[in-house]
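Note sheet for the following structure.
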Amino acid sequence: MDHPIKRDHARFRKIVKGRIRDNLRKYVSKGEMPTPKGDGTFKIPMPSIDTPRFKFGDRNQGGMGQGNGDSGDPIDGQEGEGPGQGGEVGNSSGNKELEVDLTLDELASILGEELALPRIEPKGKKAMPSVTNKYTSIGMTGPNSLKHFKRTYREAMKRQIASGTYDFFDPRVIPVKRDFRYRASDAKIEFENSAVVIYMMDVSGSMGDEQKEIVRTESFWINLWLKSQYKDIEVRYIIHDATAKEVDEETFFKTRESGGTLISSALKLCREIIQSDYDPNEWNIYPFHFSDGDNWSADDTKLCLEILDQDLLPSSNVFCYGQVESRYGSGQFYKDLASRYGEDDPKVILSKIKNKDAILDSIKDFLGKGK
Amino acid sequence: MADRTRPLDGELLRIREEIHSYAIEFGLDFYPVRFEVCDYDTINILAAQGGFPSRYPHWRFGMDYDQLSKGYAYGLQKIYEMVINTNPCYAYLLNANHIVDQKIVMAHVYGHADFFKNNAWFSTTDRNMMAVMANHGTKIRRYMERFGQNKVEEFIDRVLSIENLIDVGILFETSDLKRQREERLKTANDEIANELDERSNALKSFMRSKEKSEKILEVIKPETSDLRDKKINAPRDVMFYLLENAPLEDWESDILGILRDEAYYFLPQRLTKIMNEGWASYWHSHIMTNRALKASEIIDYADHHAGVMAMSKQNINPYKIGIELYRDIEFRWNSGRFGKEYNTCDDMHAKLNWNKNLGLGRSKIFEVRKTHNDVSFIDEFFTPEFCERQQLFTYKYNPRTGRNEIETRDFSDIKGKLLGQLSNFGSPIIEVESGNYQNRGELLLVHKHLGIDLDFGYASDTLRNLFAIWKRPVNILSKQEEQNTILTFDGRDFKQSK
């Protein structure tokens, strides 16, 4: 029989998921999503339920530490880390966050596990054969950088023993030219799927920093997941207000434009990119569009729907539209798309992202169908 | 649990004999220590349950287990050992430990065991807690079967919300505490026995309802003054006050009493974290480096020990501060660097080379481990020289740069902050002022404000839970931004009045 704590554990998970004891919901801090810290490590917040108690407010409380440094020196290096956890000596509970060194692959699998994401089924017939070299065999020639020391010394030892020059009391093994072995490559034909993600973001005046932060976080996780599913993935970025342009990643997240919004401009550019660079027969294409949903005019929306119907939808795996809630946005575009494609069109996935906490749900909306 | 742990055998048994003999040789004094070996999952379970193999059902044990398991899975933390304050003293070792780790851990455990037995703050703990905890589990499980798991769990959540409202001073009310506990245990046992007897149920429920109505009358009984009630003799033991005065069902009082007992059981450990870990570390270090360590094990030992002693810029490591403070005391009492003559000496050269060869160090630290808790330990032995040598500092969040920055290395600031964090085991001091506030049967608590405001968000939610127990409006008087403030919850709304 399992230990009774497994039942406590199951109960805890159920409370966190909101299935039982609804009155505890406000004390639950969900912590399924790791956040990158920028130095290769990630914070993995753990779900926890806080029991309210009389306790000290932590404003200006700070804490204590040991080590060198002068007053005014930062103690945790990173900027914008937020207040540290003061509180009881040696009791680092309070904020239950783990900081871990993880590879992106491991991270993707944690994400997949937590969100129960299905593996993506690539478009079957569009698989492309590609030749890769794998260093799986050993050869007699090669560059020094590929020298296989163990095999080389083994050969030398074999030769010395066979020729009787090996001295057990002075067991030195000296390889000569013909002992050298090198790693050699074998050509392998693999069928692989390539994918391109085209992010489009509305950078009109109504998209504030908070909204962009949401898009940034969300696209990081989408990239991460798609990268774990496709061997080869390209990412392109488009920003638009009333006109659209292609930019690099940094500009994509930093730019703050202003002015009106013509969503069709981004879709047009997206169409051009696909037509010139990505043959839909060979590529899995994922256009993502993020906006606060405030398009300039009904006419433009009409134009958008036309572009989607005629060009983008037929060529892409799925078109994803994420609507970030902002104070100024009307959210009309979501309604337009929803009335046109409905909630379960297989080619169009719509998601509303209310705030940071909703990012996870939205990722699940987008990737949960395994397209 | 029985199949999850096994007693020592073979090599480990031999090592235990060896380490045990050194512990005795150095004068450690402890109840018999029962070592068991288990895997990491089991040790995570034990740690999640406060060291005990059997507790009452509650999600928070599941939560702690979840976090410990994840921490282990990601390779971030590993629990080498668990030791429980009981007689015999149970200690669990992780089976994956290297032999040298097992040696360290055993020496460490003997340090804890000596501390549990001898430190004054532990003198009233129930050494039979293993059975008591299991018994608590049985009772609460029975209540859950009878009244529903959600209902009972919800009540437990409410009580946990006031679990820190207990009185440190009560740890010394030996005979009284003992009598109360025995009485409670007796009635509880009677109840369980009664339950088996169908006939007495009707009678019992009659008696209960009678008892209850008397209790309610007593609470509502009008009083003329809204000053502190005369009868509250341990105002900081809010749990006890509620146990005596709140209109509770029998099962509710029983659970409140159970959780209060457990809170008091764990209290001494919260009061002596630095001393206890420091003492155990002092002894594992001493035993290993003077006796148990083989030449081939030195690197592994040093690695392990350094890991435990690691200093952090974000937090104070109680192991490190504890062990260093004991060593400092030992050195000072060996060389005579204490007392008026030393303290008033203003010849720096003489002070630097001060050595009276008193050799009192060892006996002094034994005495210290007997009589102090963390607060008095720091208050008495934390010196400016020590503070500087340990490179201590305080830090503060700087909103301008958005990061935590070193604030000061000033001795008195650091000491003050450290004591502030330790006093009343890190909880705000809260007392019952009246059970008949405004002559309306309302509960009034008072927060003794010592410079730091309460978190009013948390306080509101705590009041909500208190209300569910008290069933009349609940108030807490505190200060917010220098102003006296009363926060009230009347069952529907919160009110703040200055």
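Just so you know, the protein sequences line up as chains A and B, in that order. Going by our numbering, 18 is the number at position 34 of the first sequence; the sequence numbering is gapless. Going by our numbering, 256 is the number at position 157 of the second sequence; the sequence numbering is gapless. Ideal placement from N, C-alpha and C gives every residue a C-beta, glycine not left out.
| query | result |
| --- | --- |
| Are at least three pairs of beta-carbons, each pair with one atom in the region -11 to 5 of chain A and one in the region 218 to 225 of chain B, less than 8 Å apart? | no |
| Is there at least one Cβ from chain B nearer than 8 Å to Q50 of chain A's Cβ? | yes |
| With DSSP as the reference, label R138 of chain A as helix, strand or coil. | helix |
| Less than 7 Å separating the Cβ of N279 of chain A from some heavy atom of the ligand GDP? | Inclusion of the ligand GDP in the displayed structure is not the case, the ligand content being empty and no account of it being possible. |
| Helix or strand or just coil, what does DSSP make of I331 of chain B? | coil |
| Hey, does L451 of chain B have any beta-carbon neighbour from chain A nearer than 8 Å? | no |
| Tell me, to the nearest whole angstrom, how far the beta carbon of C288 of chain A is from that of F350 of chain A; I am working on the premise that it is less than 8 Å. | Actually they do not touch by this definition, with Cβ atoms about 19 Å apart. |
| Which ranges would you report for the beta strand (DSSP E) in the region 208 to 294 of chain A if only whole runs of at least 3 residues count? | 216 to 224, 228 to 231, 267 to 275 |
| Sort out for me which residues DSSP pairs Y305 of chain A with in a bridge. | A:H273, A:L334 |
| Starting from R508 of chain B, find everything on chain A with Cβ-Cβ shorter than 8 Å and list it in chain order. | S55 |
| Taking only the alpha-carbon atoms, compute the straight-line gap between L167 of chain B and S153 of chain B and give it to the nearest angstrom. | 18 Å |
| Buried or exposed for S314 of chain A, going by 16 or more other Cβ atoms inside 10 Å? | exposed |
| Would you mind telling me which residues of chain E sit closer than 7 Å to P(-12) of chain A, beta carbon to beta carbon, in chain order? | Annotation note: the requested chain E is absent from the structure, which comprises protein chains A and B. |
| I'd like to check one pair, H207 of chain B with A379 of chain B: are the Cβ atoms closer than 8 Å? | yes |
| Given a threshold of 16 other Cβ atoms within 10 Å of its Cβ, counted over all protein chains shown, does K161 of chain A qualify as buried or as exposed? | exposed |
| Within 10 Å of its beta-carbon, does H197 of chain B have 16 or more other beta-carbons around it, so buried, or fewer, so exposed? | exposed |
| Measuring alpha carbon to alpha carbon, tell me which residue in B:N184, B:R113, B:V182, B:Y209 is nearest E124 of chain B. | B:Y209 |
| Can you confirm whether G161 of chain B, when its beta carbon is compared against all beta carbons of chain A, has any partner nearer than 8 Å? | yes |
| Answer yes or no: does any C-beta atom of chain A fall closer than 8 Å to that of K216 of chain B? | no |
| Report the option in B:A172, B:E253, B:T507 whose CA atom is closest to the CA atom of I568 of chain B. | B:E253 |
| Looking at chain B, is there any beta carbon in it that lies within less than 8 Å of the beta carbon of D345 of chain A? | no |
| With a threshold of 8 Å between beta-carbons, can K340 of chain A be considered close to chain B, or not? | no |
| Under a Cβ-count criterion, where at least 16 other Cβ atoms within 10 Å of its own Cβ denotes burial, should D213 of chain B be classed as buried or exposed? | buried |
| Among B:W382, B:D473, B:M410, which residue has its Cα nearest to the Cα of E429 of chain B? | B:W382 |
| Compare the C-alpha of N503 of chain B against each of A:H(-7), A:G46, A:D(-14) and name the closest. | A:G46 |
| Looking only at DSSP bridge pairs, what is K594 of chain B linked to? | B:T587 |
| Please work out which residues of its chain come closer than 7 Å, Cβ to Cβ, to T470 of chain B, disregarding the five sequence neighbours upstream and downstream, and give them in chain order. | A219 |
| Relative to the alpha-carbon of P31 of chain A, which residue among B:F151, B:C137, B:R159 has its alpha-carbon at the smallest distance? | B:R159 |
| Where I321 of chain A and D293 of chain A are concerned, what is the direct C-alpha to C-alpha distance, given to the nearest angstrom? | Strictly speaking, residue 321 of chain A in this sequence is Leu, with Ile absent from that position. Approximately 11 Å between the Cα atoms of the pair. |
| Which one of B:Q595, B:D200, B:Y340 has the shortest CA to CA distance from L396 of chain B? | The sequence given here has Glu at residue 396 of chain B, not Leu. With distances taken between Cα atoms, E396 of chain B lies closest to B:D200. |
| For chain A, is any of its Cβ atoms less than 8 Å away from the one on P334 of chain B? | no |
| My output table needs one value for D329 of chain A: the three-state DSSP class, helix, strand or coil. | coil |
| Would you say F481 of chain B lies against chain A (beta-carbon separation less than 8 Å)? | no |
| Does L544 of chain B come out as helix, strand or coil in the three-state DSSP assignment? | strand |
| Contact between the region 199 to 215 of chain A and the region 258 to 274 of chain A: three or more CB pairs below 8 Å? | yes |
| Within this structure, are the beta carbons of I59 of chain A and G49 of chain A separated by less than 8 Å? | yes |
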